[in-house]
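J.: In the numbering used here, the protein residues as written are 175 to 288.
Ideal placement from N, C-alpha and C gives every residue a C-beta, glycine not left out.
I have a structure I would like to understand better, so I am pasting it below and will then ask my questions one at a time.
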């Protein structure tokens, strides 16, 4: 997440160059890959607190090409399937689990082993 904290690395201090209409996702300037149809950028999901890929599709290049439009729809459907298979655990749950693990470790370290 973009921040100016002194203990964070340069990468964590980056500012978004673009934010989606919902305000949930922010895009960094770092280009991860590109092709004839789209560019993929590094981005951040502010709700889940994780890095994600931001895809920008160049629609004007093939708006009359039905085959390309079908490929795009196919890719979106495929992504939705992957999303369902690999549902992310929320940051709230991860924090809760981490807290429980740390409390357990603290307990173990304050007691003599048998």
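1) Sort out for me which residues DSSP pairs residue 208 with in a bridge.
2) Look at the alpha carbon of residue 195 and the alpha carbon of residue 230, and state the distance between them as a whole number of angstroms.
3) Please go through the same chain and pick out, in chain order, the residues whose beta-carbon is closer than 7 Å to the beta-carbon of residue 180, but skip the five residues on each side of it.
4) Anyone know if the C-beta pair for residue 197 and residue 190 falls short of 7 Å?
T.: On the basis of the data shown:
1) According to DSSP, residue 208 bridges with 213.
2) Their Cα atoms are separated by approximately 14 Å.
3) Residue placement at residue 180 is poorly supported in this model, since its pLDDT is 40, which falls under 50; the coordinates still yield a value, given next. For residue 180, where only same-chain residues beyond five positions count, there are no Cβ hits under 7 Å.
4) Residue 197 is not a Cβ neighbour of residue 190, given a cutoff of 7 Å.
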